[in-house]
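Colleague:
Protein chains in written order, with the numbering used here: chain A, -2 to 379; chain B, -2 to 379.
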């Protein structure tokens, strides 16, 4: 299948490109290095060095014989995307091309404006490139479980039937996200849903939880093919921060009470999910929404797990609660459905102690590169 | 009260500015004539001539002794709005500054992109101008009843309590709009709601139905103070099209079966509603949503009413169904709540035969200026 990966330089984009190319798909990536630029501007560089996309593609070709086509450009500019569509005629597009950091989107006006404009225009441009140049193309859009927030009722898979005053209607599940970044993903879903129901696009919107992991079949071929690993407060996730704090010998910093529960998944499972979505495309006129995670943890549970495994490896891991820089519920109900991807054939890779130990082992050689000042919160919601 | 009206040159913006200035408020308007520009580009000019804002303000000062401050600029550019906030320090802002035509937003990519970027950036910029320069300022945002679409259950006033699997949660009422323009208003509401709950803004979002009418206490002072009157398929509403068709002696064109029901209101009532919202501001941290219309009509009922009144005035009015250029339900359930503004004191002006006759009388002197080619659908959703 001809697949275009928008945001192909990202933590998920690059491993997805390699995994799909290794399976024989014709893969092209496009990226403008926005995340690298913003990470540099905010002193949030990744822990390990990552070659640029042309070098990554050359290294991967040497290691595997598989080709990945590389385009450097900004998909928030319609002409960039249109030219790629005209040349490459994708049958599927995986859309990761968004400013992905919640704290970045909360720094101030400039960062909020960049996030809103980049994310909404990338999505609108993709919709129109498909409408005008590849109307049968299947859009696989990365959403986030964060779109739903933490409501007091079960989170369904995208849709909910509401019974009200004796009548019934099925709606998009109502969303209330916890950052401007997450809110732009809510807007993306609204925008896609309008064009799906009006023009019959085929779209899968993957509501993904936080992803962890540094190892895939393809990145393991050569150390230089490693995914980007951000451990800072802005581009890093809570799992990455805890792993790096354990290695650096500083306390794991739990935001507030630590009862925040989210659905997590291994990077290897993201690759499975995206391929399952691609090979089982949505129908024309269908916005298929799948909740993409394999297990839920509270922040405290994650901290305890990293602490236990780290201590078994001879590290001295402490856990400390700090003032929560975010505005979020620190104790809440959380029961999201996530059966759709299992039904398509997902084989979950759970976060075992061995997986946690494996991640710590991968980070240990880079201990001297860790800058612990980057880990504590530099951005506050208040 | 110091009030800034964003989009102060519009059909609602200019009459609102005059009404509030006449009541003694300190009123400033900002507009970049975007609607005039787009109307010209699409051959959709208003029926009657409208002086520019500086001339309108001078005419109004002569007629009433009341002052209106005029700023020409683009509020989708943050610096424009920020400068106005720094100078004027508004206590309330009425936000009409959006590309308002559903058919315009459906022409093609360029128009969709302009609508999305203009409307979302105007709203984001307003949010940040308030956060940074006037945190107590009350935002009165014009939404649209079109955000809700036509669900099969009652439409509540902004919020709905959902009972699901034995648990309860209150959500923003789920929305599914019928055009990209209306969808941008859904996104506006999502965006405002995020910043309200995160930073404690005070916002009233007025979900308004289509407005009709050419007469207000202030515009009646001088014929040149008339509101903009668009009768074309792009910027005109169904009421305006029917009135002009009746005067021009061509059939009133009903889209499809004509069972499309919407909530309508008189321009005089919009002025009441906006002033009621302003003088009874939302609390800090409250997104107050009010459904702003006074009565519902189907398209067929409107056509019959204009036909009956026109014929009584000696016009020969025919009604004809044409292929629906839009994608919408032509027969549907529609039962929206609209008690909030009545509770605040709204005194409705219903669409009596006398009101319809009065509008026809105002249009008759301009009969020779009508271009009937502009009335038939030039934009299709398909």
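Cβ atoms here follow ideal geometry from the backbone N, Cα and C, with glycine treated the same way.
Using C-beta distances below 7 Å, list every residue in its chain close to residue 353 (chain B), excluding the 5 sequence neighbours before and after it, in chain order.
Modeller: Position 356 of the second chain, counted from the first residue, corresponds to residue 353 (chain B). Excluding sequence neighbours, residue 353 (chain B) sits near 302, 303 and 306.
Colleague: From the DSSP output, in three-state form, read off residue 83 (chain B) for me.
Modeller: To locate residue 83 (chain B), count along the second chain from 1; it is residue 86. Three-state result, residue 83 (chain B): helix.
Colleague: Should the stretch 207 to 224 of chain B be regarded as contacting the stretch 325 to 342 of chain B, the criterion being three or more beta carbon pairs within less than 8 Å?
Modeller: They do not touch, by the three-pair rule.
Colleague: Is the stretch 117 to 128 of chain A touching the stretch 141 to 154 of chain A in the sense that three or more CB pairs, one from each, lie closer than 8 Å?
Modeller: Result no; under three Cβ-Cβ pairs closer than 8 Å.
Colleague: Taking all protein chains shown into account, decide if residue 347 (chain A) is buried (16 or more other Cβ within 10 angstroms of its Cβ) or exposed.
Modeller: For the purposes of this step, residue 347 (chain A) is taken as residue 350 along the first chain, with counting starting at 1. Label assigned to residue 347 (chain A): exposed.
Colleague: Looking at C-beta atoms only, is the number of pairs between the stretch 125 to 140 of chain B and the stretch 87 to 105 of chain B that lie closer than 8 Å three or more?
Modeller: Touching, per the Cβ criterion.
Colleague: For residue 94 (chain B), count the other beta carbons within 10 Å of its own beta carbon; 16 or more makes it buried, fewer makes it exposed. Which is it?
Modeller: Looking up residue 94 (chain B) in the second chain gives position 97. It is buried - the Cβ of residue 94 (chain B) has at least 16 other Cβ atoms within 10 Å.
Colleague: Since residue 199 (chain A) is in the beta strand (DSSP E), which residue starts that stretch and which ends it?
Modeller: The count along the first chain starts at 1 and reaches residue 199 (chain A) at position 202. First-last of the beta strand (DSSP E) with residue 199 (chain A): 199 to 205.
Colleague: Counting contacts by CB-CB distance shorter than 8 Å, is residue 2 (chain B) in contact with chain A?
Modeller: Working through the second chain from its first residue, we reach residue 2 (chain B) at position 5. No, residue 2 (chain B) lies away from the interface with chain A (no Cβ there is under 8 Å from its Cβ).
Colleague: What did DSSP end up calling residue 263 (chain B) once you bin it into helix, strand or coil?
Modeller: Mapped onto the second chain, residue 263 (chain B) falls at position 266. In the structure shown, residue 263 (chain B) sits in a strand (DSSP, three-state: E or B).
Colleague: Excluding the five sequence neighbours on either side, which residues of its own chain have a C-beta within less than 6 Å of the C-beta of residue 173 (chain B), listed in chain order?
Modeller: Within the second chain, numbered from 1, the residue matching residue 173 (chain B) stands at position 176. Hits under 6 Å: 146.
Colleague: Going by C-alpha distance, which of A:367, A:208, A:255 and A:171 is nearest residue 243 (chain A)?
Modeller: Counted from its first residue, the first chain places residue 243 (chain A) at position 246. Of the candidates A:367, A:208, A:255 and A:171, the one whose C-alpha sits nearest the C-alpha of residue 243 (chain A) is A:367.
Colleague: So that I know if they touch, is there some Cβ in chain B lying closer than 8 Å to that of residue 149 (chain A)?
Modeller: Here residue 149 (chain A) is taken as the residue at index 152 of the first chain, counted from 1. Closer than 8 Å: yes.
Colleague: Anything in chain A within Cβ reach of residue 109 (chain B), meaning under 8 Å, just list it in chain order.
Modeller: As a working note, residue 109 (chain B) is residue 112 in the second chain. In chain order: 121 and 125.
Colleague: Compare the beta carbon distance of residue 253 (chain B) and residue 202 (chain B) with 8 Å and say whether it is the shorter of the two.
Modeller: Position 256 of the second chain, counted from the first residue, corresponds to residue 253 (chain B). Position 205 of the second chain, counted from the first residue, corresponds to residue 202 (chain B). It is not a contact, given that the beta carbons lie outside the stated cut-off.
Colleague: In the structure shown, what three-state DSSP assignment does residue 371 (chain A) receive?
Modeller: Residue mapping note: residue 371 (chain A) aligns to position 374 of the first chain, counting from 1. Here residue 371 (chain A) sits in helix by DSSP.
Colleague: Is the CB of residue 28 (chain A) under 8 Å away from at least one CB in chain B?
Modeller: For the purposes of this step, residue 28 (chain A) is taken as the residue at position 31 of the first chain. So no, residue 28 (chain A) is outside the interface.
Colleague: So, at 6 Å on beta carbons, what are the nonlocal neighbours of residue 293 (chain A) in its own chain, with the 5 sequence-adjacent residues on each side left out?
Modeller: Locating residue 293 (chain A) in the first chain gives position 296, where the first residue counts as 1. The residues are 258 and 260.
Colleague: Just how far apart, CA to CA, sit residue 166 (chain A) and residue 154 (chain A)?
Modeller: In the first chain, counting from the first residue as 1, residue 166 (chain A) sits at position 169. In the first chain, counting from the first residue as 1, residue 154 (chain A) sits at position 157. Between residue 166 (chain A) and residue 154 (chain A), the C-alpha separation is close to 16 Å.
Colleague: What runs of the beta strand (DSSP E), each 3 residues or longer, lie entirely inside the stretch 281 to 338 of chain A?
Modeller: Correct list: 284 to 289, 292 to 295 and 316 to 319.
Colleague: Need the endpoints of the alpha helix (DSSP H) that residue 194 (chain A) sits in, please.
Modeller: Along the first chain, one-based indexing puts residue 194 (chain A) at 197. 177 to 196 is the span of the alpha helix (DSSP H), which, as asked, contains residue 194 (chain A).
Colleague: Do you know how far the Cα of residue 183 (chain B) is from the Cα of residue 335 (chain A)?
Modeller: Within the first chain, residue 335 (chain A) is the residue found at index 338, counting from 1. Within the second chain, residue 183 (chain B) is the residue found at index 186, counting from 1. If I take the Cα positions, the gap works out to 27 Å.
Colleague: Going by C-alpha to C-alpha distance, which of A:58, A:283 and A:25 sits closest to residue 68 (chain A)?
Modeller: Here residue 68 (chain A) refers to the residue found at position 71 when the first chain is read from its first residue. Residue 68 (chain A) has its Cα closest to that of A:25, out of A:58, A:283 and A:25.
Colleague: According to DSSP, is residue 140 (chain A) helix, strand or coil?
Modeller: Mapped onto the first chain, residue 140 (chain A) falls at position 143. In the structure shown, residue 140 (chain A) sits in a strand (DSSP, three-state: E or B).
Colleague: Would the beta-carbon of residue 28 (chain B) fall within 8 Å of that of residue 6 (chain B)?
Modeller: For the purposes of this step, residue 28 (chain B) is taken as residue 31 along the second chain, with counting starting at 1. For the purposes of this step, residue 6 (chain B) is taken as residue 9 along the second chain, with counting starting at 1. Contact: yes.
Colleague: By Cβ distance below 8 Å, which residues in the same chain neighbour residue 19 (chain A) in space, the five residues on each side in sequence not counted?
Modeller: Residue numbering aside, residue 19 (chain A) sits at position 22 when the first chain is read from its first letter. Counting only Cβ-Cβ distances below 8 Å, and skipping sequence neighbours, we find 61, 63, 214 and 215.
Colleague: Can you round the beta-carbon distance between residue 230 (chain B) and residue 375 (chain B) to whole angstroms, since I take them to be within the 8 Å contact cut?
Modeller: For the purposes of this step, residue 230 (chain B) is taken as the residue at position 233 of the second chain. For the purposes of this step, residue 375 (chain B) is taken as the residue at position 378 of the second chain. Contact flag correct, Cβ pair sits at about 6 Å.
Colleague: Counting only Cβ-Cβ distances shorter than 8 Å, please list the residues of the stretch 70 to 81 of chain B near chain A, keeping chain order.
Modeller: Per Cβ criterion, the list reads 75.
Colleague: Bridge partners of residue 156 (chain B), per DSSP?
Modeller: Counted from its first residue, the second chain places residue 156 (chain B) at position 159. Residue 156 (chain B) is bridged to B:169.
Colleague: What did DSSP end up calling residue 277 (chain A) once you bin it into helix, strand or coil?
Modeller: Taking the first chain and counting its residues from 1, one reaches residue 277 (chain A) at position 280. Coil.
Colleague: Please state the DSSP three-state secondary structure of residue 98 (chain A).
Modeller: Along the first chain, read from residue 1 onward, the residue named residue 98 (chain A) stands at position 101. Of the three classes helix, strand and coil, the one that applies to residue 98 (chain A) here is coil, per DSSP.
Colleague: Here's the rule: buried if 16 or more other CB atoms are within 10 angstroms of the residue's CB, otherwise exposed. What is residue 433 (chain B)?
Modeller: The requested residue 433 (chain B) does not occur in the structure, where chain B is confined to residues -2 to 379.
Colleague: Give me, in chain order, the residues of the same chain whose beta-carbon lies closer than 8 Å to that of residue 83 (chain A); leave out the 5 immediate sequence neighbours on both sides.
Modeller: Taking the first residue of the first chain as 1, we reach residue 83 (chain A) at position 86. These residues qualify, in order along the chain: 130.
Colleague: I need the boundaries of the alpha helix (DSSP H) containing residue 352 (chain A), first residue and last residue.
Modeller: By one-based count along the first chain, residue 352 (chain A) stands at place 355. Looking at the DSSP string, the run of the alpha helix (DSSP H) that includes residue 352 (chain A) is 350 to 360.
Colleague: Where residue 36 (chain B) and residue 43 (chain B) are concerned, what is the direct C-alpha to C-alpha distance, given to the nearest angstrom?
Modeller: Residue mapping note: residue 36 (chain B) aligns to position 39 of the second chain, counting from 1. Residue mapping note: residue 43 (chain B) aligns to position 46 of the second chain, counting from 1. Cα to Cα, residue 36 (chain B) sits roughly 8 Å from residue 43 (chain B).
Colleague: Under 8 Å between the Cβ atoms of residue 208 (chain A) and residue 138 (chain A)?
Modeller: Along the first chain, one-based indexing puts residue 208 (chain A) at 211. Along the first chain, one-based indexing puts residue 138 (chain A) at 141. Their beta carbons are not under 8 Å apart, which means residue 208 (chain A) does not touch residue 138 (chain A) by this criterion.
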